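**Student:** Chains as they are written, first to last, in our numbering: chain A, 68 to 418; chain B, 869 to 1197. Each residue gets a CB set at the ideal place from its N, CA and C atoms; glycine is no exception. Just so you know, these numbers come straight off a predicted model, no measurement behind them.
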């Protein structure tokens, strides 16, 4: 087991090196983030030089990569434009926890993430808990009642949801639970305030931040995100459950005279949940990055929204930090999934 | 080989030495595919979508689809003929208009052509790259394999939508230039979107092909081919590739649906094909600013996208079952 773990950990090192190089190249492919200043008559050549120098953009690409990794406080920067270094650099590099200065938010990238990560986690963790609860129960029910009308409906609905882009589900839910509801209540003379809000995390008019208000704002984004995940995951759980239900030891358990409930939950689900652990581990990194599209639709002030805002005009430090964070999380949780799985299911280790 | 394991009884070699033509892999596949009810339903739905975007183009011209009208901004669907500010009388806006007063119905027709084109061309690129990388990596092994597969793993670690959004400014810089394609003036960004979706969606396929090649190259028919002196490229392309065709076809089919969804997602976020060239994605982008207003802007393209992707998924499932030699349905 130890040998397997060490081997697996060592494999991730070249992977992380390639990921960082790819991400760095991509973030800079968008060109100079201050290119738009070239058209601005108020910005002089010297201003542009200083701005680029401040963000380290006058350096060669490999030099910038080194700065990004380990910082530049060990060498001099040229801020008075005499061609020689005079001021020590201020960057510490990602290995010392410095992700640089975000250009579009005008504060450190780490600060932007610290502000937004909690919002994203509120949305994504809620969404994921809802997904798992519904996917597991629907998947098990569909499997034990295979080809029943219930199974057919779950299958049909999942197929349709799975074919829909996430923003379409979001727009549809907004239309039904906010717009139509509002119009209906207005026509009936009721209070349209009971309909679901579609923008942001809190009611902007009220100063106090109540849990109830947050929950109301959560319903639509959570529903649109979970709908697709439930469709995909319940199909997966159904098929692993079916595989287990048709195996020999379930027939043995049944012939021993155990109750159907005991067989389903104790014998079948326990084994069917093994692959589920892998799925959960592989999903976790994607919760951190937030939901780029859903956060945009619902103006949710999270990581995904910050990412979209940093694309145009380009904000390479934020783009790089965001992408590298997601990629490292993916690699890390793949490792966790592999190790957990080989620990739970010893058959894997010997293959 | 795939066709030898299916329905062996009908695969008898006749006395005159010719195999019964009726049982080629293609025919078996078609027969099994047509028995798959959902796949046939998918084929019918997809035909209707294709009919919609092609016959529709005979009724509406592209210049009509791109024609803006200040008096008709965001107007709901109606059956009343429209009088434009220049005095011309136009067909009613059956599906409403967008924020620039353009007719949504005609935009979904021309947008559909482009979205389907993007889906198919992007998949052509990704299937080509994925197959070649998989074949080379699996067949030659060693250092090439290690480098290619580490690269694939690294790329797979970055969520694909994020990758595409980060890379798109590179190719969409000169968004005003146009190209001439099939007699239509299209924004150059159509090409850019095809390329970026194509070059970033071959990763999964290359791993599938590689694992198939790894087992195929150990089999006797490959050893036999090598013994009679066949070159590496001959072994790869005439002996190994035909045996990998099933997963490639299935991945390609499902890939078209994925590429269309990706295009619409990019378009919705405003990073897709630039207007005036319509795609389902950028017609939908009008809904981004007005989430709770003007539902007709997203309803028609949304329905078309869902129907298209749904039917493609059904067809993909049907093909998977039809091409799987183990399933004896």
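1) Evaluate residue 1100 of chain B with the Cβ neighbour count: other Cβ atoms within 10 Å of its Cβ, from every protein chain shown; 16 or more gives buried, anything less gives exposed.
2) Residue 1186 of chain B: buried (16+ other C-beta within 10 angstroms of its C-beta) or exposed?
3) Can you name the residues of chain B whose CB is closer than 8 Å to the CB of residue 242 of chain A?
4) For residue 410 of chain A, is the classification buried or exposed, using 16 other Cβ atoms within 10 angstroms of its Cβ as the cut-off for buried?
5) Which whole-angstrom value describes the C-beta separation of residue 983 of chain B and residue 1147 of chain B, a residue pair presumed to lie in contact below a C-beta threshold of 8 Å?
6) Using the beta-carbon count (16 or more within 10 Å), is residue 1085 of chain B buried or exposed?
7) Using 9 Å as the limit for Cβ to Cβ distance, is residue 1070 of chain B near chain A?
8) What is the DSSP secondary structure of residue 350 of chain A, reduced to helix, strand or coil?
9) Kindly indicate if chain B contains any beta-carbon less than 9 Å away from that of residue 279 of chain A.
10) Going along chain B in order, which residues have a C-beta closer than 8 Å to the C-beta of residue 381 of chain A?
11) The ligand FMN and residue 154 of chain A: does the residue's C-beta get closer than 8 Å to at least one heavy atom of that ligand?
12) Alpha carbon to alpha carbon, how far is residue 1059 of chain B from residue 1049 of chain B? Give it in angstroms, no decimals.
13) Closer than 8 Å, Cβ to Cβ, to anything on chain B: give me those residues from the segment 348-377 of chain A, in chain order.
14) Just to confirm, are residue 909 of chain B and residue 1179 of chain B a CB contact at a threshold of 9 Å?
15) From the DSSP output, in three-state form, read off residue 1055 of chain B for me.
16) What does residue 390 of chain A reach in chain B if we use C-beta pairs closer than 9 Å?
17) For residue 185 of chain A, count neighbouring C-beta atoms within 10 Å of its own C-beta (all shown protein chains included) and say buried if the count is 16 or more, exposed if not.
18) In the segment 1117-1164 of chain B, which residue ranges form an unbroken beta strand (DSSP E) of at least 3 residues, counting only runs that do not cross its ends?
19) Between the segment 316-334 of chain A and the segment 234-248 of chain A, do three or more beta carbon pairs fall short of 8 Å?
20) Can a CB atom of chain A be found closer than 9 Å to the CB of residue 1060 of chain B?
21) Residues of chain B with a CB under 8 Å from the CB of residue 63 of chain A: which are they?
22) Taking 9 Å as the threshold (C-beta atoms), are residue 986 of chain B and residue 1127 of chain B in contact?
23) If you run the structure through DSSP and keep just helix, strand and coil, what is residue 231 of chain A?
24) Whole angstroms are fine: how far does the CA of residue 977 of chain B sit from the CA of residue 916 of chain B?
25) For residue 1173 of chain B, would you say it is in contact with chain A, using Cβ-to-Cβ distances shorter than 9 Å as the test?
26) On the criterion of 16 or more Cβ atoms from any shown chain inside 10 Å, does residue 143 of chain A qualify as buried, or is it exposed?
27) Express the C-alpha separation of residue 268 of chain A and residue 123 of chain A in angstroms, rounding to a whole number.
28) By the criterion of Cβ-Cβ separation under 7 Å, what are the contact partners of residue 1177 of chain B in chain A?
29) DSSP beta-bridge partners for residue 168 of chain A?
30) Pull up the DSSP beta-bridge partners for residue 896 of chain B, would you.
31) Assuming the contact rule is C-beta atoms closer than 8 Å, residue 309 of chain A and residue 210 of chain A should be a hit. Round their C-beta distance to whole Å, please.
32) Would you check if the segment 263-278 of chain A and the segment 154-173 of chain A touch, i.e. whether three or more CB-CB distances between them fall below 8 Å?
33) Less than 9 Å between the C-beta atoms of residue 383 of chain A and residue 95 of chain A, yes or no?
34) Is any beta-carbon of chain B found at less than 9 Å from that of residue 393 of chain A?
35) Applying the 10 Å Cβ sphere with the 16-neighbour rule, what's the burial state of residue 56 of chain A?
36) When we look at the beta-carbon of residue 919 of chain B and count the other beta-carbons within 10 Å, is it buried (16 or more) or exposed?
**Tutor:** In terms of the structure at hand:
1) With fewer than 16 other Cβ atoms inside 10 Å of its own Cβ, residue 1100 of chain B counts as exposed.
2) With 16 or more neighbouring CB atoms inside 10 Å of its own CB, residue 1186 of chain B falls in the buried class.
3) The contacting residues are 1160 and 1163.
4) Burial is judged here by how many other beta carbons sit within 10 angstroms of a residue's own beta carbon; residue 410 of chain A has fewer than 16 and is exposed.
5) Contact flag correct, Cβ pair sits at about 5 Å.
6) Buried, because 16 or more other Cβ atoms sit within 10 Å of the Cβ of residue 1085 of chain B.
7) No, its Cβ sits nowhere closer than 9 Å to a Cβ of chain A.
8) DSSP places residue 350 of chain A in helix when its eight states are reduced to three.
9) Chain B, which has no Cβ nearer than 9 Å to the Cβ of residue 279 of chain A, makes this no.
10) Result: 1037.
11) Only the bare structure without any ligand can be found here, which leaves the ligand FMN out of the picture.
12) Between residue 1049 of chain B and residue 1059 of chain B, the C-alpha separation is close to 10 Å.
13) Listed by position, the residues of the segment 348-377 of chain A near chain B (Cβ gap below 8 Å) are 353, 356, 359, 360, 363, 364, 365, 374 and 375.
14) Yes, Cβ-Cβ distance for residue 909 of chain B and residue 1179 of chain B is below 9 Å.
15) The answer is strand: DSSP assigns residue 1055 of chain B an E or B state.
16) Those within 9 Å of residue 390 of chain A in chain B are 1026, 1027, 1030, 1031 and 1034.
17) Counting every other CB atom within 10 Å of its CB across the protein chains shown gives residue 185 of chain A a total below 16, marking it as exposed.
18) If only uninterrupted beta strand (DSSP E) runs of at least 3 residues are considered, none is enclosed by the segment 1117-1164 of chain B.
19) Flag = no, the segment 316-334 of chain A and the segment 234-248 of chain A do not touch.
20) Residue-level contact check: residue 1060 of chain B does not touch chain A, since none of the beta carbons of chain A fall below 9 Å from its beta carbon.
21) Residue 63 of chain A is absent from the structure shown; chain A starts at 68 and stops at 418.
22) Taking C-beta atoms as the reference points, residue 1127 of chain B and residue 986 of chain B count as a pair closer than 9 Å.
23) Coil.
24) Distance between the alpha carbons of residue 916 of chain B and residue 977 of chain B: 12 Å.
25) For residue 1173 of chain B, at least one C-beta of chain A is nearer than 9 Å to its own C-beta.
26) With fewer than 16 other Cβ atoms from the protein chains shown falling within 10 Å of its own Cβ, residue 143 of chain A counts as exposed.
27) Rounded to whole angstroms, residue 123 of chain A to residue 268 of chain A spans 36 Å at the Cα level.
28) Neighbours of residue 1177 of chain B on chain A, chain order: 230.
29) DSSP output for residue 168 of chain A lists A:175 as bridge partner(s).
30) Paired residue(s): none; residue 896 of chain B is not in a bridge.
31) Confirmed, about 5 Å.
32) With a cut-off of 8 Å, the segment 263-278 of chain A and the segment 154-173 of chain A do not count as touching, because too few Cβ pairs lie within range.
33) For residue 383 of chain A and residue 95 of chain A, yes; Cβs fall inside 9 Å.
34) Interface residue, yes.
35) Absent from the structure is residue 56 of chain A, since the part of chain A shown begins at 68 and ends at 418.
36) Burial call: exposed.
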